[in-house]
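So the structure is just underneath, and the comments pick up after that.
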Ligand SMILES: C[S@@+](CC[C@H](N)C(=O)[O-])C[C@H]1O[C@@H](n2cnc3c(N)ncnc32)[C@H](O)[C@@H]1O
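In this note's numbering, the protein residues as written are 638 to 836.
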């Protein structure tokens with residue numbers, strides 16, 4: 638994706654800032670004027686035991702750890718400490734170029750983020766996330782995959798979901814959807830309509 642000056646990027650779920658720092662470095666090297674928001678409650682995710690066991694979370698120093706870790710690229714990051722769905726209300730529809738979804742991973746969490754943030758993505762923009770095949774700790778379901786497919790592959794609105802491995806950890810496979818301004822979607826709708834009419 639080639640970003641323009643004035644582009645708005647949002648990361649949902651920053652934890653201790655690893656992905657935030659990677660993005661910060663990319664933005665610094667791009668010499669492009671990008672507003673990059675990192676959204677997190679810094680309270681961890683209720684349904685993820687790996688979070689509960691984390692010393693920074695237990696001691697209430699998670700936000701501090703995040704700030705420390707992103708220090709070298711701090712000038713390129715605008716942290717928003719709140720619920721991801723609440724943060725969405727700060728942005729106008731079509732005002733965001735790129736949203737990376739990595740906050741809560743339950744089916745409901747991911748669905749809430751898609752519902753809140755997809756309208757914020759501008760035509761030509763991108764929404765993506767990781768943990769495509771991660772299994773929910775409670776019900777063993779692949780909640781991210783289920784939520785993303787349900788949201789983007791509806792009969793009334795169909796978007797192609799691209800998958801990117803890009804990691805040695807298969808569960809972390811990344812998904813990506815481009816908002817095409819209607820062309821592909823309308824074409825698919827039209828094709829579906831034609832097929833339905835021909836049945
Ligand atoms: C998997 S971690 C993010 C990891 C980070 N993107 C990385 O790759 O280093 C998920 C983060 O989402 C946050 N989180 C979970 N649910 C949230 C919500 N509804 N709103 C905001 N943050 C949330 C948690 O506090 C946690 O820090």
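Ideal Cβ placement from N, Cα and C applies to all residues, glycine included.
Computed from a predicted model, the values in this text were never measured in an experiment.
Which residue marks the beginning of the alpha helix (DSSP H) containing residue i, and which one marks its end?
{"i": "residue 744", "result": "744–754"}
{"i": "residue 696", "result": "692–696"}
{"i": "residue 659", "result": "655–667"}
{"i": "residue 701", "result": "699–706"}
When the Cα atoms are used, what is the spatial distance from residue i to residue j?
{"i": "residue 650", "j": "residue 742", "result": "10 Å"}
{"i": "residue 701", "j": "residue 661", "result": "17 Å"}
{"i": "residue 667", "j": "residue 772", "result": "35 Å"}
{"i": "residue 798", "j": "residue 789", "result": "8 Å"}
{"i": "residue 757", "j": "residue 687", "result": "31 Å"}
{"i": "residue 646", "j": "residue 713", "result": "11 Å"}
{"i": "residue 778", "j": "residue 814", "result": "22 Å"}
{"i": "residue 719", "j": "residue 793", "result": "32 Å"}
{"i": "residue 733", "j": "residue 692", "result": "34 Å"}
{"i": "residue 791", "j": "residue 784", "result": "11 Å"}
{"i": "residue 748", "j": "residue 735", "result": "17 Å"}
{"i": "residue 737", "j": "residue 648", "result": "5 Å"}
{"i": "residue 676", "j": "residue 703", "result": "11 Å"}
{"i": "residue 657", "j": "residue 698", "result": "17 Å"}
Going by alpha carbons, who is nearest to residue i out of the options?
{"i": "residue 765", "options": "688, 739, 717, 715", "result": "739"}
{"i": "residue 722", "options": "735, 704, 752, 703", "result": "752"}
{"i": "residue 689", "options": "812, 774, 783", "result": "774"}
{"i": "residue 762", "options": "682, 809, 816", "result": "816"}
{"i": "residue 759", "options": "729, 768, 747, 737", "result": "729"}
{"i": "residue 776", "options": "724, 684, 709", "result": "684"}
Would you give the residue range spanned by the beta strand (DSSP E) that residue i belongs to?
{"i": "residue 672", "result": "672–677"}
{"i": "residue 738", "result": "733–738"}
{"i": "residue 789", "result": "Residue 789 -> not in any beta strand (DSSP E); alpha helix (DSSP H) instead, spanning 780–789."}
{"i": "residue 710", "result": "Premise fails: residue 710 is in no beta strand (DSSP E) and is neither H nor E."}
Can you tell me the Cβ-Cβ gap for residue i and residue j, rounded? I've got them flagged as a contact below 8 Å.
{"i": "residue 715", "j": "residue 673", "result": "6 Å"}
As a quick check of your reading: which residues have a C-beta less than 5 Å from at least one non-hydrogen atom of ligand 1, in chain order?
Taking every residue with its beta carbon within less than 5 Å of a heavy atom belonging to ligand 1 gives, in chain order, 650, 652, 655, 656, 677, 678, 681, 682, 720, 721, 739, 740, 741.
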